[in-house]
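Notes follow once the structure below has been shown.
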Amino acid sequence: MSLDALPPLRDVIAAHGLGANKAFGQHFLLDLNLTGKIASLAGDMSAAHAVEIGPGPGGLTRAILAAGAKTLTVIEKDSRFLGALGEIGTASGGRLDIIEADALKVDEDASLPRDGARIILSNLPYNVGTLLLIKWLEAEPVWWSRAVLMFQREVADRVVAAPGTKAYGRLAVISQARCEVRMGLKVPARAFTPPPKVDSAVVVLDPLPDDKRFADVEALGIVTASAFGQRRKTLRRSLAQAAGQTGASAEDLLTAAGIDPGARAETVDVAGFRRLAEAWRAAKG
């Protein structure tokens, strides 16, 4: 059997008695046109190894394989879907590897072949999407070359947000200090089965080159958590907690970073937070 000969996803769901599990944040994409568009955001995958988190009945899985991925590894926590995924594996000609596991605990770097680019493509479960993104952003060395990720629209907006906007915060700073990010595709709630209460969006992330990617993610995480934890306060006040770990004052750190101590976190660009993280690390010693 070939991929084209596989039965429609709705028939697969009915035959295997599959339904979305709210506890796992599951919402299925059954529109082949839409899953094809998402897969296309990965670019040429003919020499690439793809990994998908939470494939469910395999809608995006089929699209990734149809788009020509050299191999695809899917990581699925819910054992109910293994039968349907196995059928796709048979039809893929040996290009699909299935791992039953919690993606938060999997070492993807060790699980994927190393003879080509590695691309993450996922309609991420709503309840762990941000945690998975942070896990991949913190990876050093970076094992992936591109990530095409669907989130709730609110989360996607936070990843690509610019300084001075309501959505700009810690997630934007960390994402953009490590990657080039862009909004790839907006997806209405009605596209899913069952439809969630909110719209979704696909974000594309490309890791920055080594000489441009900010390496000290720990320091960046500490200063952004402190700065954005009290958004309404000036940085002179909101940064006190992070500064307290170094023995320096918030004013000292901000001055060293060339940032106005009277500014608020949402007005400071990514470059400013990079300097602030460097100042924190220097003071920490």
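This note's numbering numbers the first residue of the sequence shown as 38 and each following residue consecutively. Ideal Cβ placement from N, Cα and C applies to all residues, glycine included.
> What do you get for residue 304, buried or exposed, if any count of 16 or more other CB atoms within 10 angstroms of its CB means buried?
Replying inline: exposed
>> Please identify the residue among 194, 125, 258 whose C-alpha is closest to the C-alpha of residue 172.
In response: 258
>> Checking the sheet assignment: what are the DSSP bridge partners for residue 189?
In response: 237
> By Cβ distance, which residues of its chain are closer than 8 angstroms to residue 104, with the 5 residues on each side in sequence left out?
Replying inline: 73, 76, 77, 79, 82
> Helix or strand or just coil, what does DSSP make of residue 177?
Replying inline: coil
> Per DSSP, which one or two residues make a beta bridge with residue 223?
Replying inline: 238
> What number of angstroms, rounded off, separates the C-alpha of residue 41 from the C-alpha of residue 128?
Replying inline: 9 angstroms
> Which residue comes first and which comes last in the beta strand (DSSP E) that contains residue 110?
Replying inline: 108-113
> Looking only at its own chain, which residues have a Cβ that is under 7 angstroms from the Cβ of residue 318, when we skip the five neighbours before and after it?
Replying inline: 253, 256
> With contact counted as at least three CB pairs below 8 angstroms, one residue from each stretch, are the stretch 137-149 and the stretch 200-210 in contact?
Replying inline: no
> In three-state DSSP terms, what is residue 146?
Replying inline: helix
> Counting pairs of Cβ atoms below 8 angstroms between the stretch 130-140 and the stretch 101-119, do you hit three or more?
Replying inline: yes
>> Tell me the rounded alpha-carbon separation between residue 109 and residue 160.
In response: 15 angstroms
>> The beta strand (DSSP E) that contains residue 159, what's its start and end?
In response: 155-160
> Are residue 273 and residue 298 close, meaning C-beta to C-beta below 8 angstroms?
Replying inline: yes
> Would you say the stretch 120-127 touches the stretch 83-100, given that touching needs at least three Cβ pairs under 8 angstroms?
Replying inline: yes
>> Could you compute how far the alpha carbon of residue 211 sits from the alpha carbon of residue 167?
In response: 12 angstroms
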